[in-house]
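As structure tokens, the structure follows; a few thoughts come after it.
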Amino acid sequence: MAVFINPPVVPKTSENGSPLRIGILGAANIAPVSLVYPARSHPDIEVYAVAARDIGRAEKFAKKYGIKKWFGGQNGYQELLDDPAIDVVYNPLPNGLHYEWTIKALAAGKHVLLEKPCGNTAEETRRMFDLAERKNLVLLEAFHYRFHPAIQRVKEIIDSGELGGIKEIQVSLCFPKGIVSQDGNIRLNYDIGGGALMDAGCYTLNCVRYLASNDPTAIISAKTVRYPKDPRIDTATSADLVFPPSTPGGEPIKGSIKCDMMVPHRFGIIPRLEGVFVHVVCEQGVVHMINFPAPVIYHYITVTPHVGKKRTEKAYSFLPGSSAKGEEWWSSYRYQLQAFVDKVRGRVPQTWVTGEDSVRNMFWIEKIYEEIGLGSRPQSSFQLPAHS
Ligand SMILES: NC(=O)C1=CN([C@@H]2O[C@H](COP(=O)(O)OP(=O)(O)OC[C@H]3O[C@@H](n4cnc5c(N)ncnc54)[C@H](OP(=O)(O)O)[C@@H]3O)[C@@H](O)[C@H]2O)C=CC1
Ligand SMILES: O=C1OC[C@@H](O)[C@H](O)[C@H]1O
1386 MAVFINPPVV
1396 PKTSENGSPL
1406 RIGILGAANI
1416 APVSLVYPAR
1426 SHPDIEVYAV
1436 AARDIGRAEK
1446 FAKKYGIKKW
1456 FGGQNGYQEL
1466 LDDPAIDVVY
1476 NPLPNGLHYE
1486 WTIKALAAGK
1496 HVLLEKPCGN
1506 TAEETRRMFD
1516 LAERKNLVLL
1526 EAFHYRFHPA
1536 IQRVKEIIDS
1546 GELGGIKEIQ
1556 VSLCFPKGIV
1566 SQDGNIRLNY
1576 DIGGGALMDA
1586 GCYTLNCVRY
1596 LASNDPTAII
1606 SAKTVRYPKD
1616 PRIDTATSAD
1626 LVFPPSTPGG
1636 EPIKGSIKCD
1646 MMVPHRFGII
1656 PRLEGVFVHV
1666 VCEQGVVHMI
1676 NFPAPVIYHY
1686 ITVTPHVGKK
1696 RTEKAYSFLP
1706 GSSAKGEEWW
1716 SSYRYQLQAF
1726 VDKVRGRVPQ
1736 TWVTGEDSVR
1746 NMFWIEKIYE
1756 EIGLGSRPQS
1766 SFQLPAHS
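Under this note's numbering, the sequence shown is numbered contiguously, ending at residue 1773.
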């Protein structure tokens, strides 16, 4: 079994007395990989509780993953938030519920690790980060891939100038039909923030902005494939964007993003697996990375200069001698958890995704939805009661 899902279990040995205790809102499919396994090898965080709408489901999840406490039923999520033993909340609810439950968690005084995308709109995102700031709490949008050394290495290569200025950045996250089940999948439900651009596309947009070290200045074009059963949902979206030049007096960068959650199989039977990459064309060469969102499973970075030898790099951990922590088997989620705990504990994390970055990412998701004629996903009507 891959080490990242079966990591060495370390004793909880916090310098601060007891480890941080984290509670999960929802027995979400992603939670074992994104949090439960990574926390096993972190000495200073314990997955302490889970809440599910159905108490039986919460109990089953808790017992399966060795979680001490569970909450369920109509008030289960709120009971978890009200538990004074809990310091941190992980929010992997459907996108359209991110806002309400993050606001409630912050109001209850908890730090929040929030799944991507932050919410349905930039306005929701801004409000969440404002509240976190007012309450002096940590809030992070879980763009886990940013914490892994591999994408950081890609950025280091293009920023070093060894290949000259950046001309074009393409980021693609497309996966074969069948991965997103069509039966009740949250990604196909408009009311709770579904859509390919929200799901996979938020990574591609985040990544192109990260590599361009900038926000787009314009959308050149965008196109989409609508879900036949609900045309408000995109099953695939692509967009061509313009970014400011990477060098003074240089040409603007062209940024292209592509996401698809239902790529048809080759000859109708063979799943296509080639659609997950970052491709950067510079003045004097090209950098290509395979599998930027799940680099621990497998990745490679090829650097092809116009003149000179092509090379292939891999970056499963930071370079020896670096002060940054990490092991070759750490997943992007484990790197992310390291940074999150560091931040909560008042240390400087190796990497951070700022609130402003998250707000801008959401702003451009909405812009692209507007461009393709689908419009933003519905903004939450939730309001904190005045006394909170
Ligand atoms: N970081 C990453 O790599 C990934 C992140 N994600 C993100 O994580 C979040 C959850 O994704 P995923 O784990 O696949 O989702 P799930 O389909 O597992 O749903 C998550 C939880 O949402 C809860 N829920 C609450 N209300 C509803 C509702 N009305 N309809 C359906 N579910 C509801 C369920 O909780 P309960 O148990 O209480 O019933 C469920 O456990 C999304 O924001 C997604 O974008 C997803 C995959 C990968
Ligand atoms: O966050 C995610 O990452 C990988 C995708 O497969 C998934 O749909 C998405 O939610």
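For each residue, glycine too, the CB sits at the ideal point set by N, CA and C.
All figures in this text were calculated on a predicted structure; none of them were measured in a lab.
DSSP places V1663 inside the beta strand (DSSP E), whose first and last residues are 1661–1667. For D1584, the shortest C-beta to heavy atom distance toward ligand 2 is below 6 Å. Contact between L1405 and V1729 is confirmed by a C-beta separation of about 6 Å, below the 8 Å threshold. The residues R1512, M1513, L1516, F1767, L1769, in chain order, have a CB closer than 8 Å to that of I1488 in the same chain once the five nearest residues on each side in sequence are set aside. In the displayed model, T1398 falls within coil according to three-state DSSP, outside both helix and strand. W1749: member of the alpha helix (DSSP H) spanning 1740–1756, first to last residue.
Only residues of its own chain outside the window of five on either side were considered, and among them H1529, F1532 have a CB closer than 6 Å to the CB of Q1721, listed in chain order.
Annotated three-state conformation of L1522 is coil, per DSSP. With a cut-off of 6 Å, the C-beta of S1717 is classified as distant from ligand 1, since no heavy atom of the ligand falls inside that distance.
With contacts defined as CB atoms closer than 7 Å, M1747 and A1507 qualify as a contacting pair.
Remark: the C-beta of L1405 is outside contact range of ligand 1, defined as less than 6 Å to any heavy atom. Comparing alpha-carbon positions, the option among G1563, Y1612, I1536 lying closest to S1717 turns out to be I1536. Sixteen is the threshold: when 16 or more other Cβ atoms of the shown chains lie within 10 Å of the Cβ of T1609, as they do, the residue is buried. Less than 7 Å separates the beta-carbon of S1765 from that of E1509. The shortest C-alpha to C-alpha distance from S1773 to any of H1427, A1447, D1467 is the one to D1467.
Where D1625 is concerned, the enclosing beta strand (DSSP E) starts and stops at 1615–1628. Comparing alpha carbon positions, the residue from A1437, A1412, K1449 closest to G1458 is A1437.
Ligand 1 never approaches L1558 closely enough for any of its heavy atoms to be under 6 Å from the residue's Cβ.
Taken atom to atom, the span from the alpha-carbon of L1558 to that of G1586 is near 7 Å.
Beta-bridge pairing by DSSP links I1686 to M1674, E1698.
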